[in-house]
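In our numbering, the protein residues as written are 1182 to 1515. Cβ coordinates follow ideal geometry from the N, Cα and C atoms, glycine included.
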């Protein structure tokens, strides 16, 4: 199905939790969908002010975090919580990560480092492991996601990122939302990532770096998206990355933060927060487990860049199920 026809089969919904227990059952359909964050369609980059809330909920706060945590997340676009998982839990998760790391290297869901056979990322891990499948509904994660997004949530993407000792390569600066919007069709900034540190993340072994406050501005990127761009971008991202001028200005204004801490910590970051990581040239490998939670009301439509949708292992659009058990299954139109 062509992207335009695909878009016509979708209804974009806004949830009103005050009208129904299950928010996605009480929705208001919009006949037209306006692209609020256009990218890759101009000859020069532009800055677009964010029009979406950062924390969508306006009632109370999540018992899993403090009111100060919420204020920090809203201001900075990320939150780092140390020692969320015990040593025993992390040992179990690390064993599971080792199993998925040894998946068939010819599987397109297994991504190798550029110029190497070392595994860089394995995607759709919540479908590959019963342990990871159960973890996505853990209250320590999903309760925060549901509160920040003020909706039932589903897994847009899951993966384990590996930074092998001595050989782990960089991930260049980017906004996840820029790709998810342009190449996947995520309508609004109503998603977030949760990264569970499976190993200690130090200042030396290629930790994730973020630009505080960058989530408040959307950098519209230049460059046409090639067909099947994901096959290259998962190794080395060149399309959909911010220009050096705007990136430098954001860093000059807000600085760079690299949250470091022991295995078992959780980094929560907003879908538009600019982030990246450097090489790991130390003897210490770094592995992180990622779950991307998207609001049920923010389900994918046709990619806003006009390209063919990326595979389901990168962007869930089929058989969407809220992570809380017993909630209604939502089927994508074929």
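For residue j and residue i, believed in contact at Cβ under 8 Å, the rounded distance
i	j	result
residue 1334	residue 1503	7 Å
residue 1402	residue 1422	7 Å
residue 1516	residue 1235	Nothing can be reported for residue 1516, as the shown portion of the chain is limited to 1182 through 1515.
residue 1359	residue 1406	Actually they do not touch by this definition, with Cβ atoms about 11 Å apart.
residue 1458	residue 1373	Not quite, the Cβ-Cβ distance comes to about 18 Å (not below 8 Å), so this is no contact.
residue 1342	residue 1471	6 Å
residue 1362	residue 1450	That belief does not hold up - the Cβ atoms of residue 1362 and residue 1450 are roughly 16 Å apart, past 8 Å.
residue 1464	residue 1345	Contact doesn't hold; Cβ gap of about 10 Å is too wide.
residue 1233	residue 1371	7 Å
residue 1387	residue 1435	That pair is no contact at about 21 Å.
Residue burial classification, residue i (beta-carbon count within 10 angstroms, cutoff 16)
i	result
residue 1247	exposed
residue 1202	Unreliable positioning characterises residue 1202 in this predicted model, as indicated by a pLDDT of 34, which lies under 50. The coordinate reading is nonetheless provided below. Classification for residue 1202: exposed.
residue 1499	exposed
residue 1272	exposed
residue 1347	exposed
residue 1279	exposed
residue 1497	buried
residue 1296	exposed
residue 1263	exposed
residue 1349	buried
residue 1317	buried
Proximal residues to residue i (C-beta, below 8 Å), its chain only, five neighbours per side dropped
i	result
residue 1292	1300, 1301, 1302, 1303, 1304, 1415, 1416
residue 1290	1284, 1303, 1304, 1305, 1494
residue 1426	1226
residue 1312	1273, 1274, 1277
CB of residue i within 9 Å of CB of residue j, strictly
i	j	result
residue 1495	residue 1454	no
residue 1339	residue 1307	yes
residue 1228	residue 1400	yes
residue 1281	residue 1309	yes
residue 1441	residue 1366	no
residue 1398	residue 1219	no
residue 1254	residue 1375	no
Same chain, Cβ closer than 6 Å to residue i, five either side skipped, listed in chain order
i	result
residue 1378	1444, 1446, 1469
residue 1331	1237, 1238
residue 1431	1392, 1395
residue 1353	1418, 1422, 1457
Cβ neighbours of residue i in the same chain (closer than 7 Å, five flanking residues each side left out)
i	result
residue 1243	1324, 1325, 1328
residue 1250	1260
residue 1287	none
**OP:** Jot down the residue ranges of each uninterrupted alpha helix (DSSP H) in the region 1366-1410, minimum 4 residues, whole runs only, in chain order.
**Re:** Runs found: none.
Original post:
Which ranges does the beta strand (DSSP E) cover as unbroken runs of at least 3 residues, wholly within the region 1334-1368, from first to last along the chain?
Top reply: 1334-1344, 1352-1355
Subject >> Entirely enclosed alpha helix (DSSP H) segments - the region 1424-1468, minimum 4 residues >> reply: 1425-1435
**OP:** Can you check the region 1251-1339 for any beta strand (DSSP E) of at least 3 residues that lies completely inside it and give the ranges in chain order?
**Re:** Runs found: 1259-1262, 1291-1293, 1300-1304.
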